[in-house]
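In the numbering used here, each residue's number is its place in the sequence shown (first place is 1) plus 555. C-beta: ideal position from N, C-alpha, C; glycine also.
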Amino acid sequence: MASGVSLDLGGKVAIVTGGTRGLGRDIAQRLVEAGCKVAVCGRNAPASMPQGVSFHAADVRDPDQAVAFTNAVADEHGRLDILVNNAGGSPAAPADTISPRFAEAILKLNLLGPFHMAQAAFAPMCASGGGSVVNLASVSGIRPSPGTAIYGAAKAGLLNLTQSLAQEWGVHGIRVNAIIAGLMATETAEATYGDADAQAAVGRSMPLQRMGTGNDLADAVLWLCSPLASWVSGARINVDGGGERPYFLDLVKGA
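Dropping the structure here:
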């Protein structure tokens with residue numbers, strides 16, 4: 556039997572951190588297409604933004620800026636329904652050489668920033684009758700992350716934070732979920748994986764034979780924010796094309 560609900564989010568107000576480019580921009584665009592009023596943040600204003608998306612200068616690593624940004628959006632629209640904690644990332648660096656300052660910066664961006672934003676969103680979401688928080692995590696948080704050890708640790712912490720907040724805030728009608736993103740074909744993919752041929756080879760190593768795109772993540776975010784996921788909270792959803800092929804299989808005869 557059909558549920559009678561849809562992906563129409565008309566009238567909802569959403570925040571997407573780091574939504575000025577790349578995956579965040581794709582997510583913001585998808586939410587606009589579903590009817591949301593969307594605000595994004597970043598440290599520097601982009602040259603342009605999709606129609607229906609407003610930009611606010613804010614650094615989510617600073618709790619005061621996170622609160623000011625969130626309150627500005629809620630005050631402007633009279634409500635807040637959706638928070639997508641997309642901002643994150645890390646350059647590669649050997650664990651034995653990174654400085655305390657570097658480690659702290661990565662933790663702030665990938666773990667404390669989402670927490671600051673979620674805290675700031677709590678009151679306006681309660682006033683709106685509930686809401687949806689989606690945290691963008693990574694496969695680096697569920698398997699070893701050599702070269703980005705602090706990033707992996709932060710994403711693992713974000714997954715635990717997701718489930719803890721889901722337990723605490725469910726009574727207020729706030730759902731909190733995480734997406735575990737796999738290997739993505741982003742604007743920085745060449746720096747990470749190599750040229751187009753190298754990226755194609757990476758894609759062929761995955762069960763679905765390609766790397767992920769911004770649309771793949773945006774569709775998953777849209778579903779989690781929609782009434783179709785009204786009883787989904789505390790979930791950790793893999794959006795990874797079936798996962799990474801275990802390396803040892805390439806060493807086993809006949810695998």
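Three-state class that DSSP yields for residue i in the structure shown
i      : result
Gly641 : At residue 641 the sequence reads Asn, which differs from the Gly that was named. Correct three-state label for Asn641: coil.
Arg791 : strand
Asp805 : helix
Glu799 : coil
Met672 : helix
Met761 : coil
Gly566 : coil
Val628 : helix
Gly577 : helix
Asp617 : coil
Ala648 : coil
Trp778 : helix
Pro601 : coil
Residues of its chain near residue i, where Cβ-Cβ distance is below 8 Å and the 5 sequence neighbours each way are ignored
i      : result
Pro649 : Gly702
Ile831 : Residue 831 falls outside the range modelled here, since the chain spans only 556 to 810, and no answer is possible.
Ile570 : Val593, Ala594, Val595, Cys596, Phe624, Thr625, Val628, Leu635, Ile637, Leu638, Val639, Met672 and Ala676
Arg800 : Ser760, Met761 and Pro762
Residues near residue i in its chain [Cβ-Cβ closer than 6 Å; skip 5 each side]
i      : result
Ala675 : Ala621, Val622 and Thr625
Gly607 : Val587
Ala773 : Asp581, Ile582 and Arg585
Ser654 : none
Leu714 : Ala692, Gly696, Ala733 and Arg791
Arg598 : Asp614
Arg616 : Lys663, Leu664 and Gly668
Cys591 : Leu564, Lys567 and Ala569
Gly769 : Leu578 and Asp581
Pro618 : His671
Gly712 : Leu666
Residues bridged to residue i (per DSSP)
i      : result
Val571 : Val595 and Val639
Val608 : Val593
Gly767 : Met739
Ile653 : Bridge partners of Ile653: none, in fact.
Ile734 : Leu691 and Ile792
Other residues of its chain near residue i: CB distance less than 7 Å, five sequence neighbours each side excluded
i      : result
His727 : Cys681 and Gly685
Ser683 : Arg634, Leu635 and Asp636
Lys627 : In the sequence as displayed, the identity of residue 627 is Ala instead of Lys. Same-chain partners within the cutoff: His611.
Gly758 : Gln764, Arg765 and Met766
Residue i burial status per 10 Å Cβ neighbour count (16 or more: buried)
i      : result
Leu667 : buried
Asn640 : buried
Pro706 : What sits at residue 706 in the sequence shown is Tyr, not Pro. Per the 10 Å Cβ criterion, buried.
Phe670 : buried
Val807 : exposed
Arg730 : buried
Gly797 : exposed
Leu804 : exposed
Ala557 : Because Ala557 carries a pLDDT of 48, less than 50, the predicted location of this residue cannot be relied on, and the following value inherits that uncertainty. It is exposed - the Cβ of Ala557 has fewer than 16 other Cβ atoms within 10 Å.
Any chain D beta carbon closer than 7 Å to residue i
i      : result
Asp651 : This model lacks chain D altogether; it includes just one protein chain.
Problem set entry | Continuous alpha helix (DSSP H) assignments of at least 4 residues falling wholly in the stretch 686–732 | 704–724
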